[in-house]
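Engineer: After the structure tokens below, expect a handful of questions from me.
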Ligand SMILES: [Fe+2]
Ligand SMILES: [Zn+2]
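Numbering (full-length UniProt numbering), first residue to last: 1 to 446.
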């Protein structure tokens, strides 16, 4: 085990000042849980008296640490010793640079017990039978006494929308995104809440500037279509996206195990056909549909159809390009629900990329077609559809797991650039620009 001296000097200084400033009163809470072993040691060296809160106490129990906190509903009386020892976040148990666990859990005796436990205002100090000392803050102990696990869902603050979103389009200025983390925070928070956002006033003379603003969110995903793209309708790739045909609302990458998290479009130019003025060259309007809103409507109007679309698993594929046959690792339903909450987690809908509706699922193919017909009808309702004419300078970024996109047929040549970004990468960026470090770590570690 690393000694206390192994801690970084800056950490020691911060803890020293915090503990020193609290002498003569209750030690104030300092730092995140991973610094607490250091806090205790510093406090002991400074001879600061241990404090036993009358509302929060911990003691040695038979099966685990008995935790008594006055607030909240208790799910359990005690926390198992081995579990607690495995969750020590002290500077020797967690590598301070990588945030990874720094010890072999299974080298710790399975019957490890505390030799001493003391409560302080900040948390509980545990002296283990193997000599290790741990400190757990009250937030951590209280959480796990009253809850089973952290809620990993990122879909708390959703704003469902239909056609009316046209009156209130989420938008962030290009300069804000380029110049500050606050701009990235605002952009990712809007995508999180609405499922999409525009980036306005983006330069359109050079597509590379679009690439750069997207890379402020995260790196661009490489697929069999390439990375950052800049194309005109020439069927360069065998996909209807590379034509001027109308496309109904759909999800991209239904054929990937992990469909792209974000997709971005920037219309750089629209050149009308010869002899047609720019004003009369029609079409090419973009369509967005909030599939989470549509699913909510489906559940209200036809709960059985919702159940069928969430249970029947289907094959999806991309097979149009020579030598490339992409299909997800397993069959996936149209509506994937969160196992804990039952809430919609991801929608996957592209009728053109769908394979054969299988037999042997919990519902028959006929039942699936009936449910899908209802779903398709909701998606095509005028009140579900947000139609918007993209213009040079206005980058559209949307959550491909939630917001479906399409377009009307168009005349002439449209030059569009854009990219795919991975879900995990943009959610990481959203977390880290919108929340403090402790909240981010709690939400991913537990
Ligand atoms: Fe598409
Ligand atoms: Zn430790």
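Beta carbons: idealized from backbone N, C-alpha and C, even for Gly.
Keep in mind that this is a model prediction, so the values were computed, not measured.
Would you list the residues sitting across from residue 136 in a DSSP beta bridge?
Structural biologist: Within the chain shown, residue 136 is the residue found at index 136, counting from 1. In the DSSP output, where bridge partners are listed per residue, residue 136 has 124.
Engineer: In the DSSP assignment, find the unbroken beta strand (DSSP E) run with residue 271 in it and report its ends.
Structural biologist: Within the chain shown, the letter at position 271 stands for residue 271. Where residue 271 is concerned, the enclosing beta strand (DSSP E) stretches over 262 to 271.
Engineer: Just grab the DSSP bridge partners of residue 414 for me.
Structural biologist: Counting from 1 along the chain shown, the entry for residue 414 is found at position 414. Residue 414 pairs with 270.
Engineer: Starting from residue 289 and walking both ways along the beta strand (DSSP E), at which residues does that stretch end?
Structural biologist: Taking the chain shown and counting its residues from 1, the one referred to as residue 289 is at position 289. That run of the beta strand (DSSP E) goes 286 to 290.
Engineer: Between the beta-carbon of residue 149 and the beta-carbon of residue 172, is there less than 8 Å?
Structural biologist: Translated into the one-based positions of the chain shown, residue 149 becomes position 149. Translated into the one-based positions of the chain shown, residue 172 becomes position 172. No, they are not a contact pair.
Engineer: Which partner residues of residue 113 appear in the DSSP bridge assignment?
Structural biologist: Residue numbering aside, residue 113 sits at position 113 when the chain shown is read from its first letter. Its beta-bridge partners do not exist; DSSP assigns none.
Engineer: Measuring only the C-alpha atoms, how far is residue 59 from residue 91?
Structural biologist: Locating residue 59 in the chain shown gives position 59, where the first residue counts as 1. Locating residue 91 in the chain shown gives position 91, where the first residue counts as 1. So the alpha carbons of these two residues sit roughly 24 Å apart.
Engineer: Considering only heavy atoms of ligand 2, does any lie closer than 7 Å to the CB of residue 92?
Structural biologist: By one-based count along the chain shown, residue 92 stands at place 92. Residue 92 Cβ: within cutoff of ligand 2.
Engineer: With a CB to CB cut of under 7 Å and the five nearest residues on each side skipped, what residues in its chain are close to residue 158?
Structural biologist: Start at 1 with the first residue of the chain shown, and residue 158 comes out as number 158. Excluding residues within five positions, the ones whose Cβ falls inside 7 Å are 193, 292.
Engineer: Would you say the beta carbon of residue 417 is closer than 7 Å to some non-hydrogen atom of ligand 2?
Structural biologist: Taking the chain shown and counting its residues from 1, the one referred to as residue 417 is at position 417. Not under cutoff, so the answer is no.
Engineer: Can you list, in chain order, the residues of its chain with a C-beta nearer than 7 Å to that of residue 213? Leave out the 5 residues immediately preceding and following it.
Structural biologist: Residue numbering aside, residue 213 sits at position 213 when the chain shown is read from its first letter. Cβ within range, chain order: 174, 177, 178, 199, 202, 395.
Engineer: Near ligand 1, which residues have their beta-carbon less than 7 Å from any of its heavy atoms, given in chain order?
Structural biologist: The answer, residue by residue, is 241, 247, 250, 252, 405.
Engineer: Assign residue 298 to one of three DSSP states: helix, strand, or coil.
Structural biologist: On the chain shown, position 298 is the one that residue 298 refers to. If DSSP states are grouped into helix, strand and coil, residue 298 belongs with the helices.
Engineer: Taking three-plus beta-carbon pairs below 8 Å as touching, is the segment 329 to 341 in contact with the segment 263 to 280?
Structural biologist: The segment 329 to 341 is not in contact with the segment 263 to 280.
Engineer: When you compare the CB positions of residue 421 and residue 227, do they come within less than 8 Å of one another, or not?
Structural biologist: The sequence position of residue 421 within the chain shown is 421, counting from 1. The sequence position of residue 227 within the chain shown is 227, counting from 1. No; because the gap between Cβ atoms is not below 8 Å, this pair is not in contact.
Engineer: Using a 10 Å radius around the Cβ and a threshold of 16 neighbouring Cβ atoms, would you call residue 322 buried or exposed?
Structural biologist: Position 322 of the chain shown, counted from the first residue, corresponds to residue 322. The residue is exposed, with fewer than 16 neighbouring Cβ atoms inside 10 Å.
Engineer: Please list the terminal residues of the continuous beta strand (DSSP E) segment that includes residue 68.
Structural biologist: Looking up residue 68 in the chain shown gives position 68. It spans 64 to 69 - the beta strand (DSSP E) in which residue 68 sits, taken as one unbroken run.
Engineer: Taking 7 Å as the limit between beta carbons, can you name the residues of its chain near residue 234, skipping five residues before and five after?
Structural biologist: If you number the chain shown from 1, residue 234 lands on position 234. Excluding positions up to five away in sequence, the list reads 242.
Engineer: Under 8 Å, do residue 333 and residue 312 count as touching if we go by C-beta distance?
Structural biologist: The count along the chain shown starts at 1 and reaches residue 333 at position 333. The count along the chain shown starts at 1 and reaches residue 312 at position 312. Contact flag set, yes.
Engineer: Quick one: Cα of residue 351 to Cα of residue 154, how far?
Structural biologist: Translated into the one-based positions of the chain shown, residue 351 becomes position 351. Translated into the one-based positions of the chain shown, residue 154 becomes position 154. Whole-angstrom Cα-Cα distance: 27 Å.
Engineer: In the DSSP assignment, what are the bridge partners of residue 395?
Structural biologist: As a working mapping, residue 395 is identified with position 395 in the chain shown. Answer is 199, bridged to residue 395.
Engineer: Note the first and the last residue of the continuous beta strand (DSSP E) segment covering residue 403.
Structural biologist: Translated into the one-based positions of the chain shown, residue 403 becomes position 403. Segment 403 to 407, the beta strand (DSSP E) holding residue 403.
Engineer: If residue 308 and residue 367 are in contact, beta carbons under 8 Å, what's the gap, nearest whole angstrom?
Structural biologist: For the purposes of this step, residue 308 is identified with residue 308 of the chain shown, where counting begins at 1. For the purposes of this step, residue 367 is identified with residue 367 of the chain shown, where counting begins at 1. The pair is a contact, with the Cβ atoms about 6 Å apart (cut-off 8 Å).
Engineer: Return helix, strand or coil for residue 307, following the three-state DSSP convention.
Structural biologist: Translated into positions along the chain shown, residue 307 becomes position 307. Helix at residue 307.
Engineer: Within 10 angstroms of its Cβ, does residue 46 collect 16 or more other Cβ (buried), or is it exposed?
Structural biologist: In the chain shown, counting from the first residue as 1, residue 46 sits at position 46. Legend: pLDDT at residue 46 = 31, less than 50; position of this residue unreliable, value from coordinates given subsequently. Exposed.
Engineer: Cα-Cα, which of 410, 330, 362, 299 is closest to residue 378?
Structural biologist: Translated into the one-based positions of the chain shown, residue 378 becomes position 378. Residue 299 is the option with its Cα nearest to residue 378.
Engineer: Under the criterion of a Cβ to heavy atom distance below 7 Å, does residue 134 qualify as lining ligand 3?
Structural biologist: As far as ligands go, the structure on display features ligand 1 and ligand 2 and does not contain ligand 3.
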